[in-house]
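Asks: Shown below is the structure under consideration.
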Amino acid sequence: MDNGTAEDLTLRLVVQSHLRYTDLFESLCRAVFPEFGIPEERTDWLCLSIREAVNNAVLHGNRKDPAKTVEFEMERRGREVTIRVWDEGGGFDRSKLSDPTSPENLLRPSGRGIFLIRQFVDGVRFLTERPGHFGMEMRVRLTGAGAAPQGEE
Amino acid sequence: MSFKAYDRGKVSVLELSGRITLGSGDVKMRELIKAQIDAGKKQIVVDLGGVSFIDSSGLGELVAAYTTARRNHVSIKLANLTKKIDDLMEITRLASVFDTYGSVDEAVESFNG
Chain B
64 MDNGTAEDLT
74 LRLVVQSHLR
84 YTDLFESLCR
94 AVFPEFGIPE
104 ERTDWLCLSI
114 REAVNNAVLH
124 GNRKDPAKTV
134 EFEMERRGRE
144 VTIRVWDEGG
154 GFDRSKLSDP
164 TSPENLLRPS
174 GRGIFLIRQF
184 VDGVRFLTER
194 PGHFGMEMRV
204 RLTGAGAAPQ
214 GEE
Chain U
661 MSFKAYDRGK
671 VSVLELSGRI
681 TLGSGDVKMR
691 ELIKAQIDAG
701 KKQIVVDLGG
711 VSFIDSSGLG
721 ELVAAYTTAR
731 RNHVSIKLAN
741 LTKKIDDLME
751 ITRLASVFDT
761 YGSVDEAVES
771 FNG
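Written as structure tokens, this is what we have:
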């Protein structure tokens with residue numbers, strides 16, 4: 064963890080792509096969130112979002128290939144925390160993401176992960192510019208903490 | 661995740677505790693509910709009071725259990741949802757799918773009413 068200034072903070076972690084590490088990501092986040100200024104009332108929701116992003120990276124991005132890696136970055140710059148989860152997959156067609164709350168999808172057992180992430184962070188962006196990697200970026204504004212507005216860039 | 665199963669008259673109660681997440685509790689919950697259905701139970705209450713954390717996979721398994729139950733003419737009701745799980749049910753609109761009750765007593769009683 065690199066603490067350049069009192070406000071700026073960066074954490075990076077790279078692990079083999081396996082679901083057994085999802086708990087590790089959550090434990091790590093719970094430990095460092097106070098250092099990043101994440102308010103306690105958002106901790107469970109952000110941990111849920113990170114679990115969903117990591118699980119997606121392992122299952123869908125890396126297709127359960129343990130030879131691949133999941134990379135995790137968390138940065139605080141001023142009053143914003145940015146969390147990125149990278150896999151080694153080719154991404155997916157965002158236009159095919161369906162709304163799990165629509166009546167025709169309510170009884171589907173899957174398809175709620177990214178929807179939940181969008182509820183609990185202040186912005187979601189999918190990153191495709193890095194060759195051989197696909198990333199999900201989640202932004203958390205530290206002002207007005209407690210609110211959980213939705214949004215995607 | 662840990663569990664306790666018991667009967668309240670004709671109603672089967674599954675009391676779940678811990679976390680229901682991908683690879684840890686989600687499949688177990690599905691198997692527990694399916695075992696009740698396979699045993700011929702027609703009225704099931706799932707007590708979520710001790711569940712501290714649930715993810716999209718856990719929610720998905722609840723939905724899968726609900727549809728399996730419905731196919732088998734079995735009724736599943738949820739009881740004792742924590743504030744956070746209640747919030748998740750509202751956000752995902754699964755609150756419109758499940759009958760939820762503040763206590764196991766209320767859920768059991770609803771089958772008798």
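Protein chains in written order, with my numbering: chain B, 64 to 216; chain U, 661 to 773. Cβ atoms here follow ideal geometry from the backbone N, Cα and C, with glycine treated the same way.
(1) Pull up the DSSP beta-bridge partners for Gly710(U), would you.
(2) Counting only the same chain and skipping the five closest in sequence on each side, list residues whose C-beta sits under 6 Å from that of Tyr726(U).
(3) Note down the Cα distance separating Arg93(B) from Met137(B), rounded to an integer number of angstroms.
(4) Could you give the first and the last residue of the continuous alpha helix (DSSP H) run that contains Leu722(U)?
(5) On the DSSP bridge list, what partners appear for Gly198(B)?
(6) Determine, using beta carbons only, whether Leu719(U) and Ala739(U) come nearer to each other than 9 Å.
(7) Which residues in chain U sit within 9 Å of Asp150(B), going by Cβ to Cβ distance?
(8) Output needed for Glu675(U): all residues of its chain with C-beta closer than 6 Å, excluding positions within five of it in sequence on either side, in chain order.
(9) Output the boundary residues of the beta strand (DSSP E) element that contains Ile736(U).
(10) I'd like to know whether the C-beta of Ser677(U) is nearer than 9 Å to at least one C-beta of chain B.
Replies: Checking against the coordinates, here is how it stands:
(1) Ser677(U)
(2) Ile736
(3) 13 Å
(4) Ser716 to Arg731 is the span of the alpha helix (DSSP H), which, as asked, contains Leu722(U).
(5) Partner(s): Trp149(B) and Leu190(B).
(6) no
(7) Neighbours of Asp150(B) on chain U: none; closest Cβ ~16 Å, over 9 Å.
(8) Counting only Cβ-Cβ distances below 6 Å, and skipping sequence neighbours, we find Lys664 and Asp707.
(9) Ser735 to Ala739
(10) no
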